[in-house]
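Before any comments, here is the structure.
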Amino acid sequence: MENNPKNSRREFIRKGSRISLLLTLGAVGGFSARNITHEKYVWQIDPFKCTQCGRCATSCVMTPSAVKCLHAYDLCGYCDLCGGYLKPDPNKLSTAAENQLCPTSAIQRKYIEEPYFEYVINEDLCIGCAKCVKGCTSFGNGSLHLQIIHRICLNCNECSIARLCPSDAISRVRASKPYLVKGSFTNDAKG
Amino acid sequence: MKNWIKLTLIFTLLFYSLAGVAQQQRFPKPEFGTGYHQPTPVTPEPRALVLEYSDVVILLIVLSLASWLALRKRSRKGMLWLSVFTLLYFGFYRNGCICAIGSVQNVALTIFDPGYAISITTLLFFLLPLVFTLYFGRTFCAGACPLGAIQDLLIIKPLSFPDWLRKTLGLLPYLYLSLAVLFAATGTDFIICRYDPFVGIFRMDAPFHMVILGIAFLLMGMFVARPYCRFLCPYGVLLNWMSRFSKWHLAITPAACIQCKLCSDSCPFDAIDYPTDEKQIKNRIWGVNRFLFYALLIPIWILVGGYTGSKAHTWISKANSKVYLAELLITKPEVRNDDKNLDVQAFLSSGKSMETLVNEASVIRHKFYIGCWIAGGFMGLVIGMTLLSQVIYRRKEDYQPDKGNCYSCVRCISYCPVKK
Amino acid sequence: MENDAKLKLFLNIALVSGIFCLTVALLLLLNYMQMTKNKPLESKALTSLVKQLSQEPNSDELKQEIRDFDLLARKAYFNSQWQVKTGGYLLLFGAIVLAFALRVIIGLRSKIEEPDILDSNEMVGRLLTQRWVLLTGAILVILGLVASYASVDHLREYSVNDSSPNLKIADNRDKIEVIQVGQAPTVADSAKTSSVKPTVSLGSSLPVKVTQAPAVKVSFPGLAEIKSNVPSFRGPFGNGVFYQKETPVSWDAASGKNVIWKTPVPLKGYNSPIIWGTKLFLSGADNHSREVYCYERNTGKILWKQPVDKIKGSPEAAPKVTEDTGYSAPSLTTDGNRVYAMFATGDIICFDMDGNRIWARNLGVPDNHYGHASSLMMLKDKLFVQYDTNKSRKLIGLKASTGQTAWETQRKGKISWASPILAEINGKYQVVLSTDPMVAGYDADSGKELWSLNCMMGEVGPSPAFGSGLIFAANEYAKLVAIDPVKNVKVWESDEYMPEVASPVTANGLLFIATSYGVIACYDAKSGQKYWVKEDGTGFYSSPVIVDNKLYTFNTAGKMKVFEVGKTEKILGEGDAAEKVTTTPAFKDGRMYLRTPKFIYCIGKK
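Protein chains in written order, with our numbering: chain C, 1 to 191; chain L, 192 to 611; chain B, 612 to 1217.
Right, dumping it as structure tokens:
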């Protein structure tokens, strides 16, 4: 059987095909490798591009979303009348449910000194709906902003929020700098 | 008077800050009299890069182990437990991402979009299984693919399909592959990831329709063995090509086949080739003429396919969000007043001109035009080649795995009475 | 027998786990349906309760109800999340047990069977395959073609209805008759009555598209003509000095004293009126639309009103600007033949005196955190645009006839909100700009920088002024400086009073400053010696201007004070617009024209 010319011809063709397939794979691999990255990339939101549309809460593959609100305390005005904490035209500047903007009551308001209040986000309750971010950005300093929390994020091959983000605010960033936190990251710093 | 000027200076300063320069604050941070310490926001680090590399190493180990189990150890039990490990690790622990199937899109995107850098782990996830298949057959499908594993473990009573149905449904992966590459290359979408029916199960979290799809696939998989692998998987197309020419491949019998036919029903995927019936070959209806006819038809298939694809590019390109938005704004200018349409509102507030958007959309559409020509031509080629393969006869003497379609799951081996 | 017992056991396990899975799945489905129906976090009932509360803010009952409801909604949401998670794991567990049991059952039941007889006729199978593959191919082709005929490429329907056809015909540089500005003009002074020369019938009868290019002669206005009109922001050459006589020194908007007419301006704008002959031009804009207005100067009637739209490259929505800058802060300019306007969107447009659109283009949306504010200026065939953005600073010279860029000078320094002025230095005209950190002069023909002196700071608002051979520039928190543009040196400086918005003005060897904290100061232009200081209660945004040896000032409250241009403070008259005034008035033929947030006033002796 080893000497069967038909079989050896078949074997020859197979060998040739195998080598050409291997070369093709090498070519595809090599061509892809021309802009290969050894660094890991993760998804993150550029808070300056974000338009607070609220899709982060609903589009993430995780429920609740991997997107949470972060608070840049350095930018916070510690206002009594906080656009991120209170509903527009609040009944009273208090922590009562009828005045709170957050649907899950994830922001804690703490009195510091007259007339300043500290606002702390409870990440476990936050669903990333961006209601507070919208309020803070429109009426305040914009210290509240959304970020993808990497403890929760699965780093999907294609981020389903990025695909649906109307303002293209979500992009891959280097894993060595996985957050675009306001304060340390400014609009100018983007260059 | 100086005092007064100072006051007004302060006022004007305030005014400046109120005027709202992006970087300036409307309400400056107060200076606290009490010893207030501000908390720092918690920003947990992402999964370390080392772990990504360890994923590649684990893939390499699993692939080697699967190949060893299939070709040397010939152990179904070993393969079964390996697939359980794969399901647990790559599936439930790593949430099915990144996987070799999806990496096709990353490779396509990085080839067509120089701005996108593919990570080395993704490229390795794409290449390693293909190279292994080129030498050992599709052992990746048997042991290292979490999607294959979950389906394989749920095969209860597989039904056998006639040849024509398998061949016809077998065109679907080619279609899926060409669309996936087209959408990835144009930067539109990663449809393989988006419509992966099992990833939702791995994550234990998915949109409702994807949960239904996943459960439907699993229920179907009880009777139609590995439905996704056989009739959808785009990566399977590439593996199939590689496996056909693999250097070594799983064999049903360790020695000479005694033609006992015991294994003929053992494969749930109908991937065992039977010995050719000499009588039938002699009585074949179609001779060289039909072969030549089909061979000459191939360029026509390619042209027709490409033409059809190019004709359909307008429709297909509407899947791109930018094209969709531009067309929406052109055909329905009144959506500009629709506050609920987030995409339109975000575009309007971006300050971009309509013209720029239309130009960008036109560029994308043109990419689709070229891509659809290629994808259509490819589909034409596939159909032409499938037809051609139907009039080619290759003499087979033994019961052997159909190398292109065999997943090297090692089921058939236990049916073979020949030991050593 | 043992096998049978085992089979029975696993059958039972399969049954139980099957029922379990089904129940959990049904519960999950129920939960899902409930959640999608009720959406506890977006509860409409809660929203309506809150709305009700805003009407009766003191109802404690209502408050309690909201609090209870809110707690309930949040509980429902988090409970459901917990249920989904737990249910998911239970289902997974059940499915594993079920699958395992089923496999065992199938394994136990399976017997070694005689293999099926092979498909007897392979040929039939192959024929069937060919047919089905062909059919699939045909279906795919048909689907593709149907899709192609059913879908329309809407992108092709889009076209910018721009005025580019006009660009071509309007370009007749060769035929332009050049008249030296600065020499005594040969053009008759009759321009006062009819400013549109017959040779400039170019645009007046132009339909939107013109196929043939009429031979057109465009003549530039002479110096006397420019001086007798208000061709740009702060009068001729933007210098704040008007060559008019017998202007009114008192008026009152409330009582109507000396108000000849007042007409509302449709859209808001902080640009100041410009005048040529009997026509007065303004622009207005909001974030949706932009318009240019032409008023009859004697009656106050709107002669025409043209939209500024369908411009190639114009952004779909206006960029963000601050309320006190708006979308049409830049004032217009005219050469008596055409009128030019610019907006915060980067749109720049040219009309003839009858409102026919000649050309329009978009220079790119200015990245400007307050909004583009620099006014237009022109000389002969050039239109000067101080195109300052956060990204780049440019002085652009546009061909007035076509809008094409003649030259573009990149400028150093930071973004500025001041406006260009024209200064005749050594017999040649220069465009002078004030920016952080420098005041600089550019050749009006080529745009080349001729001199530049670092002396400014901050976000510069006030435009420079030219007089006594010196350039004066100032800005709040910076300095007031007098520069000799020939020697490129600082002659004197002061940091006592500095304007924030209002520009300095000079005449008769005196320099006047009006600050945003309400101080008017008079200096000697040559030496910088301070003559007098007047403290007004309210600040000045409107630039002070000099007409007929009178200094006109408007504070932001709308109070007008007219001072004598002299070394001692002397008030000649007062007026009141009874409205906020931030724009600069224009003067022509003994009348004053003033724009307030809502109206345009004509003030003079009736």
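Ideal placement from N, C-alpha and C gives every residue a C-beta, glycine not left out.
Proximity winner among the options, relative to residue i (alpha-carbon distances)
i                  : options                                      : result
Leu1091 of chain B : B:Val1097, B:Phe1083 and B:Lys1098           : B:Phe1083
Ser1003 of chain B : B:Cys1066, B:Ile1026, B:Gly982 and B:Gly1014 : B:Ile1026
Ser369 of chain L  : L:Ile561, L:Pro232 and L:Gln536              : L:Ile561
Asn596 of chain L  : L:Pro349, L:Leu429 and L:Gly575              : L:Leu429
Leu441 of chain L  : L:Arg238, L:Arg265, L:Asp529 and L:Ala239    : L:Arg265
Asn141 of chain C  : C:Cys76, C:Val28, C:Gly16 and C:Arg55        : C:Cys76
Met1067 of chain B : B:Val627, B:Ala1093 and B:Gly748             : B:Ala1093
Ile507 of chain L  : B:Asn1099, B:Ser762, B:Leu626 and B:Arg742   : B:Ser762
Thr1126 of chain B : B:Thr1164, B:Val1102 and B:Glu672            : B:Thr1164
Ser883 of chain B  : B:Gly846, B:Lys873 and B:Asp1095             : B:Gly846
Leu683 of chain B  : C:Cys153, C:Cys165 and C:Ala97               : C:Ala97
Ser1138 of chain B : B:Ser1079, B:Lys1098, B:Gln645 and B:Thr858  : B:Ser1079
Gly895 of chain B  : B:Val876, B:Ile1182 and B:Thr697             : B:Val876
Phe711 of chain B  : B:Phe621, B:Lys912, B:Val996 and B:Asp1187   : B:Phe621
Glu1146 of chain B : B:Ser1154, B:Tyr1128 and B:Lys1161           : B:Tyr1128
His765 of chain B  : L:Lys543, L:Lys509 and L:Gly571              : L:Lys509
Residue j beta carbon less than 7 angstroms from that of residue i
i                  : j                  : result
Val554 of chain L  : Ala517 of chain L  : no
Ala407 of chain L  : Thr330 of chain L  : no
Cys603 of chain L  : Ser457 of chain L  : yes
Cys563 of chain L  : Ser512 of chain L  : no
Met270 of chain L  : Gly334 of chain L  : yes
Lys916 of chain B  : Tyr904 of chain B  : yes
Asn1166 of chain B : Thr1149 of chain B : yes
Ala1029 of chain B : His983 of chain B  : no
His38 of chain C   : Ile311 of chain L  : yes
Ile449 of chain L  : Tyr590 of chain L  : no
Met545 of chain L  : Glu927 of chain B  : yes
Phe680 of chain B  : Leu657 of chain B  : yes
Closer than 7 angstroms to chain C by CB, residue i
i                  : result
Leu548 of chain L  : no
Ile1026 of chain B : no
Asn528 of chain L  : no
Phe389 of chain L  : no
Lys868 of chain B  : no
Pro1292 of chain B : This structure leaves residue 1292 of chain B out entirely; chain B is present only between 612 and 1217.
Asp354 of chain L  : no
Pro668 of chain B  : yes
Lys1172 of chain B : no
Arg678 of chain B  : yes
Lys838 of chain B  : no
Test: residue i CB closer than 7 angstroms to a CB of chain B
i                 : result
Ala503 of chain L : yes
Leu262 of chain L : no
Gly545 of chain L : In the sequence on display, residue 545 of chain L carries Met and not Gly. At least one chain B Cβ lies under 7 angstroms of Met545 of chain L.
Glu518 of chain L : yes
Leu539 of chain L : yes
Ala97 of chain C  : yes
Pro47 of chain C  : no
Proximity test, Cβ basis, 7 angstroms: residue i and chain L
i                 : result
Val173 of chain C : no
His145 of chain C : no
Lys190 of chain C : Low confidence applies here, because Lys190 of chain C scores a pLDDT of 41, under 50, leaving its location unreliable; read the following figure in that light. For Lys190 of chain C, the answer is no, since every Cβ of chain L falls outside 7 angstroms of its Cβ.
His983 of chain B : no
Arg9 of chain C   : no
Can you confirm whether the region 905-914 of chain B touches the region 518-528 of chain L when touching is taken to mean that 3 or more C-beta pairs between the two stretches lie within less than 8 angstroms? No: fewer than three Cβ pairs fall under 8 angstroms.
Any chance you could list the alpha helix (DSSP H) runs of at least 4 consecutive residues sitting entirely within the region 503-582 of chain L, in chain order? Runs found: 512-522, 533-541 and 545-580.
Curious, which full-length beta strand (DSSP E) runs of at least 3 residues does the region 62-110 of chain C contain? Fully enclosed beta strand (DSSP E) runs of 3 or longer: 67-71.
Are the region 631-643 of chain B and the region 696-715 of chain B touching, with three or more C-beta to C-beta distances below 8 angstroms? Because the criterion of three Cβ pairs below 8 angstroms is met, the region 631-643 of chain B and the region 696-715 of chain B touch.
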